[in-house]
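Be aware that the sequence shown starts at 1, since it is given in this note's numbering, and climbs by one per residue.
Data first, discussion second: the structure below is written as structure tokens.
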Amino acid sequence: MNEHEQFPKPKPNDPEDRQGVVPSSEELWNEDTYSAWTARFGTPAEAAAKLMKDPAAKLYPLLGYLGEIQDKKVMNLMGSNGMKAVALGLLGANVSVADFSEANARYASELAEAAGVQLKYIVSDVLKLPEELLDSSHDIVFAEMGIVHYFTDLAPFMDTVCRLLSPGGRFVLRDFHPITTKLISSKGSTAKIRKHKVSGDYFDTTLEEKKVSYSKYLPSSGVSSGEDKHSVVYWRRWTLGEIVTAAARSGLIIRELAEEPNLSSEVFDAGIPKTFALVAEKIQ
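Next up, the structure:
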């Protein structure tokens, strides 16, 4: 199952309708996802208070690739809990998020309300967005950090980006560098004993079963393992060449490909590309 396949809408929450009804696996999964974000960032109100102090810091280094954002119409694809979208809203952008998760939408909506930001959240598989959204009206579309490996074919994703963007609009994809996700394994918890090994196959195209990135924050509820299936996804690790080519074939013009070091540490993994940023433009 792909994490970004759309789930059915939750059942009504009217207490009279729900009496004596065992929660579905989807409802339990959504509740756990909300709890995971609360465990990591605090309640939406607490997270909003921190975010409002310095929204630009939450967007580093993404903000530098987006260009002018004041009053721009922005779409954050697979925007998860809305943290980046709300930060952009605080800086003056008109932001929407598209993501399949009801739980993410709940956290993001409460976060935006606490921060005083207008946020439109579309609960949908990003490859099945409502046609009225695909109207070539967005100035900026972006997705970042742990996104592309959820797609077994990048062409539909890039085509969706093109349909969202207005002529001259900008697409920014920032994600983990394939060198570190496909090729090099790192072990050791301190800089002195950090060891690197070329242990992967850069050109491997197989799918890998993984748990969603936030699974380590999920509470241990003792719920039967049947509910665990919602936290399992299948990854396809793409090469940098495949990602850039998919964007170009969709009709986007590549303006920049930045390869970044480990921006969270000056001592760990020195000299190894850890992330990349692709900046492209729609010209038609």
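Here a beta-carbon is modelled for each residue, glycine too, at the ideal position from N, C-alpha and C.
CB contact flag (residue i, residue j, <8 Å)
i	j	result
Ala-87	Pro-55	yes
Met-78	Val-141	no
Thr-180	Pro-273	yes
Leu-90	Leu-51	yes
Met-158	Ala-277	no
Gly-286	Glu-68	With the chain covering 1 to 284 only, the question about residue 286 has no answer from this structure.
Lys-58	Lys-84	yes
Limits of the beta strand (DSSP E) - the one that residue i falls within
i	result
Ala-143	138 to 144
Lys-58	Element bounds for Lys-58: not the beta strand (DSSP E) but the alpha helix (DSSP H), 55 to 58.
Glu-281	275 to 282
Ala-98	94 to 99
Ser-185	184 to 187
Chain-order list of residues whose beta-carbon lies under 6 Å from that of residue i (same chain, five-residue window excluded)
i	result
Ser-110	According to the sequence displayed, residue 110 carries Glu and not Ser. Result list for Glu-110: Pro-44, in chain order.
Asp-237	What sits at residue 237 in the sequence shown is Arg, not Asp. Once the five neighbours on either side are set aside, the close Cβ partners of Arg-237 are His-149, Thr-181, Lys-182.
Ser-186	His-196
Ile-283	Ile-253
Delimiting residues of the alpha helix (DSSP H) encompassing residue i
i	result
Glu-260	First-last for Glu-260: 252 to 260, but that is the beta strand (DSSP E), not the alpha helix (DSSP H).
Leu-338	Nothing can be reported for residue 338, as the shown portion of the chain is limited to 1 through 284.
Pro-156	154 to 164
Met-78	First-last for Met-78: undefined, no H or E at that position.
Val-198	From DSSP, Val-198 is part of no alpha helix (DSSP H) but of the beta strand (DSSP E) over 195 to 198.
Val-244	240 to 249
Ser-109	102 to 115
Tyr-65	62 to 66
Contacts around residue i, its chain only, beta-carbon distance under 8 Å, and the 5 residues preceding and following it disregarded
i	result
Val-126	His-4, Leu-77, Met-78, Ala-98, Asp-99, Phe-100, Phe-157, Thr-160
Asn-81	Trp-37, Phe-41, Asn-104, Tyr-107, Ala-108, Leu-111
Val-22	Bear in mind that a pLDDT of 40 at Val-22, under 50, signals an unreliable position, so the number given afterwards is only what the model happens to contain. No residues qualify anywhere along the chain.
Gly-271	Pro-261
Other residues of its chain near residue i: CB distance less than 7 Å, five sequence neighbours each side excluded
i	result
Val-279	Tyr-65, Arg-170, Val-172, Arg-255, Glu-256
Ile-243	Val-148, Leu-154, Leu-278
Ala-114	Pro-44, Ala-45, Ala-48
Glu-259	His-177, Pro-273, Phe-276
For residue j and residue i, believed in contact at Cβ under 8 Å, the rounded distance
i	j	result
Gly-92	Gln-70	4 Å
Leu-263	Pro-61	7 Å
Legend entry - the stretch 158 to 167 in contact with the stretch 122 to 138 per 3-pair CB rule at 8 Å: Yes: at least three Cβ pairs fall under 8 Å.
Legend entry - contact_flag[the stretch 145 to 153, the stretch 169 to 177] where n(CB pairs < 8 Å) is 3 or more: The stretch 145 to 153 is in contact with the stretch 169 to 177.
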